Amino acid sequence: MSLFATNETVKIYFDGDKLVGKETGVWFEVLKELPAHLDMELRKTFAGAKVVVFEDGSYQMDLSDVQGAIPFKFLAQVIKGWSESVPPTIENLKKVKSSIMWKLWAYLQRLYGIVNEKPEDLIEEG
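Note that our numbering has the sequence shown beginning at 157, numbered continuously upward.
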């Protein structure tokens, strides 16, 4: 085991506007885990969130005040590749369909532990 975050990635697939669990021609390849500097960048996104900590140590975040925008700068840093022929820059990410970006962002919040649910719960089969 190493102190360093790995460079491993995971692919997230879309079929039309649906997030799916099978390989398709439309995908984003993202970091599987975050290095410390990107974790801090992600935490800045949620700086205004209200956190309630329960007696058993679990917590719940009220994100209603901080989820009004997609953090394109953060996404451009964690997306290592995608199915498009242009690089996943901030400007190019802003051109992606909003329905896909919101689903990708919701998936990443679960993948990186911001939302205490499984990323797979968002997959829409069929």
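Every residue, glycine too, gets a C-beta built ideally from N, C-alpha and C.
No experiment lies behind these values; they were computed from the predicted model shown.
Check: Contained beta strand (DSSP E) runs [length at least 3] in the region 229–267, N- to C-terminal order; Outcome: 235–238
Check: Straight-line Cα distance separating Phe210 from Gly181; Outcome: 43 angstroms
Check: Identity of the residue in Thr201, Leu187 and Ile226 nearest Trp258 by Cα; Outcome: Ile226
Check: Residue closest to Asp277, alpha-carbon to alpha-carbon, out of Val176, Ser158, Asn248 and Gly172; Outcome: Val176
Check: Nonlocal neighbours in the same chain, by C-beta distance under 8 angstroms from Tyr169, ignoring five residues either side; Outcome: Leu175, Val176, Gly177, Lys178, Glu179, Thr180, Val182 and Trp183
Check: For Glu247 and Val166, the rounded distance between their alpha carbons; Outcome: 23 angstroms
Check: Reference Lys200; option with closest CA among Pro275, Ile270 and Ile279; Outcome: Ile270
Check: Beta-carbon proximity check, Val234 vs Leu159, cutoff 8 angstroms; Outcome: no
Check: Cross-strand partners of Leu175 (DSSP beta bridge); Outcome: Phe170
Check: Where the beta strand (DSSP E) containing Leu190 begins and where it ends; Outcome: Looking at the DSSP string, Leu190 is not in any beta strand (DSSP E), and its letter there is neither H nor E.
Check: Paired residues, beta bridge with Thr165 - DSSP; Outcome: Leu187
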